[in-house]
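Remarks on the structure that follows.
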Amino acid sequence: MVLSKATEQALRGLIYIAAQQRGEPVLSREIADYLGVPVQCITKIMRSLAKRGFLGSVKGRGGGFLLLPAAESLNIMDVVEAVEGHPLSPHCVLGLKVCADETACPLHRQWTDLRRQEVDWLRTQTICEMAKTTFSKMQVA
Numbered sequence: 001m002v003l004s005k006a007t008e009q010a011l012r013g014l015i016y017i018a019a020q021q022r023g024e025p026v027l028s029r030e031i032a033d034y035l036g037v038p039v040q041c042i043t044k045i046m047r048s049l050a051k052r053g054f055l056g057s058v059k060g061r062g063g064g065f066l067l068l069p070a071a072e073s074l075n076i077m078d079v080v081e082a083v084e085g086h087p088l089s090p091h092c093v094l095g096l097k098v099c100a101d102e103t104a105c106p107l108h109r110q111w112t113d114l115r116r117q118e119v120d121w122l123r124t125q126t127i128c129e130m131a132k133t134t135f136s137k138m139q140v141a
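Below, the structure is given as structure tokens:
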């Protein structure tokens, strides 16, 4: 699966926020520094996620973004679909313009099964679990 830069940054930003102390807003600048991206870029992405109800946004001094309690079970596919604006569209692994069940390429059935498994697996991977795993490994290193 190939994800856009915006989706990658949204996922990494959410993982970073989820690893921080609960209830404490995280500044866009801090997230941008961690990700190594311009602050304007990450602010736009985080605002979009706040509008979707994944994050809370606190304005002013001491403000920033924080993971909402309802977003504790947020999974990778939730984020991918929110940022990409649509569920992942199937495409032909051979690059054919017309490839569907009725006009299938030689790999269509297997590719469809693999993509379904991939999406199902990504739905089991929560942002909070990824944060725990990612940051516990970083602290050990």
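Sequential numbering of the sequence shown, starting at 1, is according to UniProt numbering. Think of the CB as a built atom: it goes at the ideal place given N, C-alpha and C, for glycine as much as any other residue.
Residue range 55 to 58 is occupied by the beta strand (DSSP E) that includes Ser57. Beyond the five residues adjoining it in sequence on each side, Gly56 comes within less than 8 Å, by CB distance, of Pro25, Ala50, Phe65, Leu66, Leu67, Leu68 in the same chain, given in chain order.
For secondary structure counted as the alpha helix (DSSP H) over 4 or more consecutive residues, the stretch 86 to 125 holds these complete runs in sequence order: 108 to 122. Segment contact: the stretch 89 to 100 against the stretch 19 to 38, fewer than three CB-CB distances shorter than 8 Å; contact not assigned. Straight across, the Cα-Cα distance linking Thr103 with Glu84 is about 27 Å.
Inter-segment contact for the stretch 6 to 14 and the stretch 27 to 40 is present: three or more beta-carbon pairs are separated by less than 8 Å.
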